[in-house]
Amino acid sequence: MFSQILLFKISDILDYNQQMLITLLITGIACAILGCFLVLRKLSMITDALAHSILLGIVLAFLITKDLNSPILFIGAGLFGIFTVFSIELLSSTRLVKSDDAVGIIFPLFFSLAVILISTFARNVHLDIDIVLMGQVIMIPLNNIEILGIIIPKAMFYMLLMLVANTLLISIFFKELKISTFDPEFATIAGFSSSLLFYALMTLSSFTAVSAFDAVGAILVIALFIGPAASAYLLTKDLKMMLLVSILFSVANTFIGFFLAMKINVSISGMIAAITGATLLLTVLFNKDGIITAIYLRHKNKKEFRHDLLIMHLGNHQTEPDAELELGFDTIKDHLHWDQDAIERRTTRLIDQGLVFRDQTRKIYRLTEKGQLRYNMIKIDYGM
Amino acid sequence: MSQNIIVKVEDLTMAYNEKPVLWDNDVDIVENSRTAIIGPNGAGKSTLVKGILGLQKTLSGYVEVMGQPVKQVQKKIAYIPQSNSVNWDFPTTALDVVLMGRYVHLGWIKRPRKKDLEKAEQALQKIGMQDYKNRQISQLSGGQRQRVFIARAIAQDAEIYFMDEPLAGVDKNTEKVIIDFLKKSQSQGKTSIVIHHDLNTLAEYFDHLVILNKKIIDQGPMQTTLTKENLAQANLGGWLR
Numbered sequence: 017m018f019s020q021i022l023l024f025k026i027s028d029i030l031d032y033n034q035q036m037l038i039t040l041l042i043t044g045i046a047c048a049i050l051g052c053f054l055v056l057r058k059l060s061m062i063t064d065a066l067a068h069s070i071l072l073g074i075v076l077a078f079l080i081t082k083d084l085n086s087p088i089l090f091i092g093a094g095l096f097g098i099f100t101v102f103s104i105e106l107l108s109s110t111r112l113v114k115s116d117d118a119v120g121i122i123f124p125l126f127f128s129l130a131v132i133l134i135s136t137f138a139r140n141v142h143l144d145i146d147i148v149l150m151g152q153v154i155m156i157p158l159n160n161i162e163i164l165g166i167i168i169p170k171a172m173f174y175m176l177l178m179l180v181a182n183t184l185l186i187s188i189f190f191k192e193l194k195i196s197t198f199d200p201e202f203a204t205i206a207g208f209s210s211s212l213l214f215y216a217l218m219t220l221s222s223f224t225a226v227s228a229f230d231a232v233g234a235i236l237v238i239a240l241f242i243g244p245a246a247s248a249y250l251l252t253k254d255l256k257m258m259l260l261v262s263i264l265f266s267v268a269n270t271f272i273g274f275f276l277a278m279k280i281n282v283s284i285s286g287m288i289a290a291i292t293g294a295t296l297l298l299t300v301l302f303n304k305d306g307i308i309t310a311i312y313l314r315h316k317n318k319k320e321f322r323h324d325l326l327i328m329h330l331g332n333h334q335t336e337p338d339a340e341l342e343l344g345f346d347t348i349k350d351h352l353h354w355d356q357d358a359i360e361r362r363t364t365r366l367i368d369q370g371l372v373f374r375d376q377t378r379k380i381y382r383l384t385e386k387g388q389l390r391y392n393m394i395k396i397d398y399g400m
Numbered sequence: 171m172s173q174n175i176i177v178k179v180e181d182l183t184m185a186y187n188e189k190p191v192l193w194d195n196d197v198d199i200v201e202n203s204r205t206a207i208i209g210p211n212g213a214g215k216s217t218l219v220k221g222i223l224g225l226q227k228t229l230s231g232y233v234e235v236m237g238q239p240v241k242q243v244q245k246k247i248a249y250i251p252q253s254n255s256v257n258w259d260f261p262t263t264a265l266d267v268v269l270m271g272r273y274v275h276l277g278w279i280k281r282p283r284k285k286d287l288e289k290a291e292q293a294l295q296k297i298g299m300q301d302y303k304n305r306q307i308s309q310l311s312g313g314q315r316q317r318v319f320i321a322r323a324i325a326q327d328a329e330i331y332f333m334d335e336p337l338a339g340v341d342k343n344t345e346k347v348i349i350d351f352l353k354k355s356q357s358q359g360k361t362s363i364v365i366h367h368d369l370n371t372l373a374e375y376f377d378h379l380v381i382l383n384k385k386i387i388d389q390g391p392m393q394t395t396l397t398k399e400n401l402a403q404a405n406l407g408g409w410l411r
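Protein chains in written order, with the working numbering: chain A, 17 to 400; chain B, 171 to 411.
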């Protein structure tokens with residue numbers, strides 16, 4: 017009776033869509049902040065392996081507990097993720113296979129074992145392969161648990177738990193994580209065990225992946241870990257800033273993906289993963305060292321350089337006796353080896369800028385006072 | 171100069187997959203010396219340093235630094251790794267890397283304080299890098315990166331410096347800065363152990379020498395150790411002008 021009164025339902029304040037969206041946002045942020053360290057440590061592939069292998073952990077734990085909602089499932093699968101990382105590390109430490117290859121051996125092995133087990137023993141349970149890959153965002157509001165008198169979607173609760181845990185780890189051990197990511201050997205000498213921090217990071221990644229598994233599936237988990245962090249890495253110069261920007265990316269991706277998926281009625285997690293890929297692509301193209309930016313700058317520099325060159329030519333020759341030939345309205349093109357069009361275009365531009373004028377009496381182009389100053393600056397710039 | 175042994179290595183053997191890289195080595199580093207370690211490629215120079223520092227497993231033997239196991243005196247040891255051993259695209263600034271030198275004294279969880287920041291700034295100043303303190307490390311040249319590492323060691327207030335080829339790929343100016351730093355440190359009573367690759371500058375830059383080729387060929391003061399016979403034995407003979 018008493019507990020009935022105190023019972024508080026998340027669904028009283030949030031509708032289904034809001035519950036889904038908020039759970040996805042929490043998941044995204046929890047993944048993005050860990051993802052920054054995973055990206056900096058070049059552990060993207062291990063994360064991939066981890067996200068797939070925990071399926072075997074889930075299946076094994078399920079075969080023991082026979083209950084998909086058991087907390088043992090959560091713990092078992094999380095531990096299995098760490099076991100996966102440990103196996104990969106062990107295999108690559110033998111130096112018989114490279115680290116990349118170890119990932120490529122372990123994770124298909126575990127994943128396929130899980131698929132075999134599901135199809136043999138758990139055919140009637142809702143552990144389908146497509147759900148494993150893409151999750152079931154739509155089911156988030158339907159699967160509720162009671163925690164301390166609050167009825168909350170299970171996925172939302174577990175993700176909140178992981179967000180808190182991840183935030184705590186990163187804020188308490190920020191200095192240690194930073195130094196062991198940047199320079200593991202120095203960190204070890206300074207007394208911060210690199211392998212301890214590595215496994216702490218991997219443990220939280222594993223449990224975060226397990227928590228997110230139900231809702232968003234293995235593919236989106238990887239996208240959420242790596243995408244926002246990789247985008248933020250391209251844009252920031254400071255680790256704290258990188259964490260912040262990765263959160264912004266994650267939130268934006270989730271919002272855009274969610275509403276777009278709703279609008280055109282497609283898989284929500286698939287759409288968020290696609291948007292994550294798209295924003296990363298845009299960042300690769302348009303960041304300050306990006307491909308498009310580089311092309312634009314190269315083009316712009318080329319243009320600027322031609323204008324500088326013209327100013328140099330005018331400056332060098334306008335006081336010389338051969339100025340009429342070198343700088344003449346009709347003859348300058350022969351000396352610069354440019355066509356008349358280019359001459360017109362470039363001189364017009366420089367005249368508009370007030371750097372050059374047409375000396376109608378001598379029929380030559382000449383520098384204005386401002387142009388003369390520019391000429392002197394160019395000489396200094398190019399070291400002449 | 172005192173002849174106290176500050177780093178004592180006894181019967182050290184190290185291996186990769188049971189294949190020994192270093193065989194049963196005894197090394198004595200003299201306190202307050204500038205000691206160079208030389209040897210051909212694959213001689214195990216870096217491995218020796220990593221073994222001394224406890225960064226790699228040893229198969230036999232033990233190491234004493236200042237008469238104690240390495241773990242007890244780690245705060246007093248600064249290690250300057252090969253420049254390419256870290257990710258220079260890491261999102262951080264020169265000052266922040268130097269500040270990491272102070273972490274040694276902070277221990278777990280505690281954050282650097284104002285005093286630590288001041289030490290880091292002073293360290294950058296000492297090697298002429300104060301103008302670059304807010305520069306992102308990816309935008310530093312090879313020489314500047316090496317100086318940042320040196321500044322990190324200065325900020326650490328260490329007694330012993332271990333450096334793995336600090337002069338590899340740096341400009342002449344940086345080379346001079348680093349050597350001046352080693353000489354100045356010596357005058358302050360500190361010891362440096364440096365893996366070096368240029369035999370021509372060896373006698374000028376250092377006063378003690380360890381010649382290594384999987385086994386110790388010879389070690390001791392520069393004048394008596396840098397001999398043609400020793401170099402020939404270490405397969406380094408062809409290098410000397």
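Built from N, CA and C at the ideal position, the CB exists for glycine as well.
Beta-ladder partner(s) of residue i, from DSSP
| i | result |
| --- | --- |
| A:Arg382 | A:Phe373 |
| B:Glu234 | B:Lys178 and B:Pro239 |
| B:Tyr249 | B:Phe332 |
| A:Ile166 | A:Phe24 and A:Ile163 |
| B:Asn400 | Beta-bridge pairing links B:Asn400 to no other residue. |
| B:Val364 | B:Ala206 and B:Met333 |
| B:Val200 | B:Ile175 |
| B:Thr183 | B:Ser230 |
| B:Lys385 | B:Asn383 |
Residue closest to residue i, alpha-carbon to alpha-carbon, out of the options
| i | options | result |
| --- | --- | --- |
| B:Ile250 | B:Leu406, B:Asp350, B:Ser357 and B:Val318 | B:Val318 |
| A:Met175 | A:Ala203, A:Ala130, A:Ser128 and A:Val232 | A:Val232 |
| B:Gly221 | A:Gln369, A:Arg374 and A:Thr204 | A:Thr204 |
| A:Lys191 | B:Lys354, B:Glu234 and B:Pro282 | B:Pro282 |
| A:Lys319 | A:Ile49, A:Thr363, A:Asn159 and A:Glu340 | A:Thr363 |
| A:Val226 | A:Leu37, A:Ala46, A:Phe202 and A:Leu23 | A:Ala46 |
| A:Ser108 | A:Asp346, A:Ile121 and A:His323 | A:Ile121 |
| B:Ile208 | B:Lys189, B:Lys360, B:Val364 and B:Asn195 | B:Val364 |
| A:Phe321 | A:Ile62, A:Arg390 and A:Leu76 | A:Arg390 |
| B:Gln311 | B:Lys285, B:Asn195, B:Ala323 and B:Lys342 | Note that residue 311 of chain B is Ser in the sequence shown, not Gln. Looking at the Cα atoms, B:Lys342 is the closest of the given residues. |
| A:Thr295 | A:Leu240, A:Leu366 and A:Phe99 | A:Leu240 |
Buried or exposed by the 16-neighbour rule on C-beta atoms within 10 Å, applied to residue i
| i | result |
| --- | --- |
| B:Ser253 | buried |
| A:Ile88 | exposed |
| A:Ala310 | exposed |
| A:Ala246 | buried |
| B:Glu329 | buried |
| A:Met287 | buried |
| A:Thr11 | Only positions 17 to 400 of chain A appear in the structure, and residue 11 of chain A is not among them; the question remains open. |
| A:Pro69 | Going by the sequence as given, residue 69 of chain A is Ser instead of Pro. Buried, since its Cβ has 16 or more Cβ neighbours within 10 Å. |
| B:Lys289 | buried |
| A:Asp357 | exposed |
| B:Arg315 | buried |
| A:Met393 | exposed |
| A:Ser128 | exposed |
DSSP three-state assignment for residue i, whether helix, strand or coil
| i | result |
| --- | --- |
| A:Val113 | coil |
| A:His329 | helix |
| A:Ser266 | helix |
| B:Asp194 | strand |
| B:Gly224 | coil |
| A:Glu105 | helix |
| B:Leu379 | strand |
| B:Pro391 | strand |
| B:Leu276 | helix |
| B:Gln306 | strand |
| B:Gly214 | coil |
| B:Ile297 | coil |
Taking one C-beta from the stretch 22-32 of chain A and one from the stretch 164-172 of chain A each time, how about it: are there three or more such pairs within less than 8 Å? As far as the Cβ criterion goes, the stretch 22-32 of chain A touches the stretch 164-172 of chain A, which means the pair count is three or higher.
Touching by the beta-carbon criterion (3+ pairs, under 8 Å), the stretch 195-215 of chain B and the stretch 270-283 of chain B: no
So, does the stretch 263-271 of chain B touch the stretch 193-208 of chain A, judging by three or more C-beta pairs under 8 Å? yes
Could you tell me whether the stretch 224-243 of chain B touches the stretch 183-192 of chain B, using the rule of 3 or more Cβ pairs below 8 Å? The stretch 224-243 of chain B, when compared against the stretch 183-192 of chain B, does touch it at the 8 Å Cβ threshold.
So does the stretch 272-282 of chain A actually touch the stretch 318-331 of chain A, counting three or more Cβ pairs closer than 8 Å? no
Any contact of the stretch 173-183 of chain B with the stretch 198-208 of chain B, i.e. 3+ C-beta pairs under 8 Å? yes
Contact between the stretch 293-313 of chain A and the stretch 255-264 of chain A: three or more CB pairs below 8 Å? Between the stretch 293-313 of chain A and the stretch 255-264 of chain A there are fewer than three inter-stretch CB-CB distances shorter than 8 Å, so the stretches are not counted as touching.
Count the CB pairs spanning the stretch 294-308 of chain B and the stretch 329-342 of chain B that are closer than 8 Å, and state whether there are at least three. no
contact_flag[the stretch 212-223 of chain A, the stretch 91-101 of chain A] where n(CB pairs < 8 Å) is 3 or more: As far as the Cβ criterion goes, the stretch 212-223 of chain A touches the stretch 91-101 of chain A, which means the pair count is three or higher.
Would you call the stretch 376-391 of chain A and the stretch 340-351 of chain A in contact, with 3 or more CB pairs under 8 Å? yes
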